[in-house]
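Engineer:
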Amino acid sequence: MAKFHFLVVCSLLAVLFHSYLGSAAETCDEDPCLNRGSCTSETNSTGYQCTCQNGYTGTNCEVDPCANAPCLNGGTCQVRDDSEVGYICFCKKNFLEMNCGRDANACRSTPCLHRGDCRNRPATGSFMCRCLPGTSGDQCQNNVDDCANSPCQNNGTCTDRIGGFICICPKGIVGQLCEMDFSSQIEVTCDAKKMTVTLVPSLLPDEYDLRSIHLDDETCSGVLEDSKIKLSTPYEDCGTTVKDSGDTIIFSNTILHTKNVITSHDLLKLPVECILGKKETLYGGPYQLKHGLPTAFKGYGRFELTLKRYASSRFNVVVLPNSRDDRVGDPMFYAASLESSANLTVLLDDCWTTPHEEPNDTVRYDLIVDGCPDEPSVMLWNITDPLKQGFSFRAFDFVGYVKVHVHCDVTVCVTGSSGCKQSCNGNPLPRLRRSLREAPSLSMTNNAISSDPITLNYDV
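What follows is the structure in structure tokens.
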């Protein structure tokens, strides 16, 4: 019985195997392989295996060789039966090799470092770098330390740069190598309206023409005065520039020699600056100037600010002290003014009154706080002159006193700069002066000024 079962199973397997081979052979007979692919009977799920030609892929060699976008850098692929890979790439300009993978313009990727000059070698698709002085290597990747030999003189600090160096000079020392000490030979003075630079003639060659020594504007040349050469300019002339810087306003210009020498050494220019502004109370006394000589020759000065009383809201006629009989309730017109020829604006910050001349008197009455009226009778007036800002109030008195002193904190800023405008959220003045002073992005200078006192007449 067991032998009979074994024979039956073997017979069935033989029949199935013969049937499968016949089916596979019949599948290849149907020529399923496309694009000249060759078919081989296999014992896989399809019963056959296609061997593809000319780069075709897929179960039946149905996927053409361009389907995977083999052409790089924008090249165009075209199927070619006469090619081993089955396609050919038509490359865009300057791209080479079968798949357009090599750029004949090897400099396109800017391989030369440190500002080296790249030159193409089209025949090989390579490049060559021409390096700046102070750099080396196939791609100019090595930067030579130009400060190694300490080229800066007179304790100048050397800073290495690509292909060179710069010297940062101490105060009063100038020149590309800090080779000239001018600290005792150049003086910069500054007042409210102009800067003046004084040079000693020994800085110049034995024979020189005063017209060849000038500021940024060539028409602003030097003059000989008291055996010294002087160059003077208002802050808005001769190419002078103005900028906000911290709690100061800086006016800058340059002394130039048309022959590019101011001594026997090569010296192209001498930068000069006037730095104005700091907090203080002004009573019309003389201006104290301080002078420093850093990298740019600098002078320090103060703005000339006044607080005067006027006859009306036109702010064109000044009222002299004790020239009127003032009574409680009379309108009082005041304006803070800046004496300057530069492009500046004066803004009211705080204004107050005291019974004594001292602005820090503990007895005080506020008129304007943070740029906004703080007393019902206060009005602020829009004056077209940016160097003048006016306000008014009704006269009042301090109990037990006959005089009233008016004081103001004002801000000076560069006209048109951020925040340099008087406004007050619909009122005549904004309550944002304090935030402006504290904002690091806005550079202004603050000053306190006082006026002559008001003497009230109580006679009926």
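Going left to right, the sequence shown walks through residues -24 to -1, 1 to 436 as mature numbering (1 follows the signal peptide of the UniProt record, and there is no 0) numbers them. Built from N, CA and C at the ideal position, the CB exists for glycine as well. This structure is a prediction, so every number in the text was calculated from the model and none was measured.
(1) Since Cys389 and Leu320 are thought to touch, with beta carbons under 8 Å apart, how far apart are those beta carbons, to the nearest angstrom?
(2) What residue from Arg84, Val295, Phe374, Gln161 has the CA that sits closest to Tyr341's CA?
(3) For His190, which beta-bridge partners are listed by DSSP?
(4) Under the rule that 16 or more other beta-carbon atoms within 10 Å means buried, what is Gly31, buried or exposed?
(5) Any chance the stretch 363 to 372 sits against the stretch 305 to 313, with 3 or more Cβ pairs inside 8 Å?
(6) Pick out whichever of Thr387, Ile205, Cys400, His381 has its Cα sitting closest to the Cα of Asp350.
(7) If we ignore side chains and look at the alpha-carbon of each, how far apart do Ala312 and Ala168 end up?
(8) Going by beta carbon distance, what residues of the same chain come within less than 6 Å of Asn11, once the five residues before and after it are set aside?
(9) Would you kindly work out how many angstroms separate the C-alpha atoms of Glu280 and Gln365, rounded to a whole number?
(10) Quick one: what's got a C-beta closer than 7 Å to Arg106's C-beta in the same chain, skipping five residues either side?
(11) Contact defined as beta carbons within less than 8 Å: I believe Leu232 pairs with His190. What is the distance between those atoms, to the nearest angstrom?
(12) Buried or exposed for Glu155, going by 16 or more other Cβ atoms inside 10 Å?
(13) If you compare alpha carbons, which of Val55, Cys26, Glu73, Gln29 is closest to Leu48?
(14) Is it right to say Gly222 is buried, meaning 16 or more other beta carbons lie within 10 angstroms of its own, or is it exposed?
(15) Suppose contacts are defined by Cβ-Cβ distances below 8 Å. Is Cys143 in contact with Leu153 by that definition?
(16) Can you check whether the C-beta of Arg290 is within less than 8 Å of a C-beta belonging to chain B?
(17) Roughly how many whole angstroms lie between the Cα atoms of Ser393 and Lys219?
(18) With C-beta atoms as the reference, is Cys76 less than 8 Å away from Lys69?
(19) Quick one: what does DSSP say Pro87 is sitting in, helix, strand or coil?
(20) Around the C-beta of Arg285, are 16 or more other C-beta atoms found within 10 angstroms, so that it is buried, or is it exposed?
(21) Using alpha carbons as the reference points, say which of Asp385, Glu333, Asp40, Leu363 lies closest to residue 446.
(22) With which residues is Glu315 paired in a DSSP beta bridge?
(23) Within 10 Å of its beta-carbon, does Leu(-9) have 16 or more other beta-carbons around it, so buried, or fewer, so exposed?
(24) For Glu163, which beta-bridge partners are listed by DSSP?
(25) When the Cα atoms are used, what is the spatial distance from Phe367 to Lys170?
(26) Given this structure, state the Cα-to-Cα distance separating Asn125 from Thr135, to the nearest angstrom.
(27) Can you give the beta carbon distance from Thr27 to Gly13, rounded, assuming they're within the 8 Å contact cut?
(28) By DSSP's criteria, Leu323 is part of a beta bridge. Which residues make up the other side?
(29) Please name the residue, chosen from Ala43, Pro146, Lys204, that lies closest to residue 452 on a Cα-to-Cα basis.
(30) Where does Thr133 fall in DSSP's three states?
(31) Just verifying my parser: in three-state terms, what is the DSSP assignment at Lys266?
(32) Use the C-beta contact count for Phe66: other C-beta atoms within 10 angstroms, 16 or more gives buried, fewer gives exposed.
(33) Assuming the contact rule is C-beta atoms closer than 8 Å, Asp79 and Gly101 should be a hit. Round their C-beta distance to whole Å, please.
(34) Skipping 5 residues on each side, what residues in its chain have a beta carbon closer than 7 Å to that of Leu283?
(35) Can you name the residues that DSSP bridges to Thr329?
Structural biologist: Per the coordinate set shown:
(1) Right, the Cβ-Cβ distance comes to about 7 Å (below 8 Å), so this counts as a contact.
(2) Closest by alpha carbon: Phe374.
(3) Its beta-bridge partners are Ser197, Leu232.
(4) With 16 or more other Cβ atoms within 10 Å, it is buried.
(5) They touch, by the three-pair rule.
(6) Between Asp350 and the set Thr387, Ile205, Cys400, His381, the nearest pair of CA atoms involves Cys400.
(7) Rounded to whole angstroms, the separation of the alpha carbons of Ala168 and Ala312 is 15 Å.
(8) Counting only Cβ-Cβ distances below 6 Å, and skipping sequence neighbours, we find Tyr32, Cys37.
(9) Straight-line Cα distance between these residues: approximately 14 Å.
(10) Cβ within range, chain order: Gly92, Asp93, Arg95.
(11) Contact between Leu232 and His190 holds: CB atoms are separated by about 6 Å, below the 8 Å threshold.
(12) Burial check for Glu155: the Cβ neighbour count within 10 Å reaches 16 or more, so the residue is buried.
(13) It is Glu73.
(14) So Gly222 counts as exposed.
(15) Yes, the pair counts as a contact, with Cβ atoms nearer than the cut-off.
(16) The structure shown has no chain B; it contains just one protein chain.
(17) So the alpha carbons of these two residues sit roughly 9 Å apart.
(18) In this structure, Lys69 does not lie closer than 8 Å to Cys76 by Cβ.
(19) Coil, per DSSP.
(20) Counting the other Cβ atoms within 10 Å of the Cβ of Arg285 gives 16 or more, which makes it buried.
(21) Missing from the structure shown is residue 446; the chain here goes from -24 to 436 and no further.
(22) Under DSSP, Glu315 shares a beta bridge with Glu280.
(23) Residue placement at Leu(-9) is flagged as unreliable, the pLDDT there being 45, under the threshold of 50; a coordinate-derived value is accordingly withheld.
(24) Checking the DSSP bridge columns, you'll see Glu163 partnered with Thr174.
(25) About 29 Å.
(26) Each residue's alpha carbon lies about 12 Å from the other.
(27) Separation of the CB atoms of Thr27 and Gly13 is rounded to 6 Å, and the pair is thereby assigned contact status at 8 Å.
(28) Answer is Thr387.
(29) Outside the shown range of the chain (-24 to 436) lies residue 452, about which nothing can therefore be said.
(30) The DSSP-derived three-state label of Thr133 is strand.
(31) Here the model assigns Lys266 a pLDDT of 27, short of 50, so the residue's position is not dependable and the matter cannot be decided.
(32) Phe66 should be labelled exposed.
(33) Contact check for Asp79 and Gly101: beta-carbon distance about 7 Å, within the 8 Å limit, so the pair qualifies.
(34) Only Tyr310, Ala312, Val382, Cys384, Ile425, Ser426, Ser427 meet the Cβ criterion.
(35) Beta-bridge partners of Thr329 (DSSP): Tyr341, Val382.
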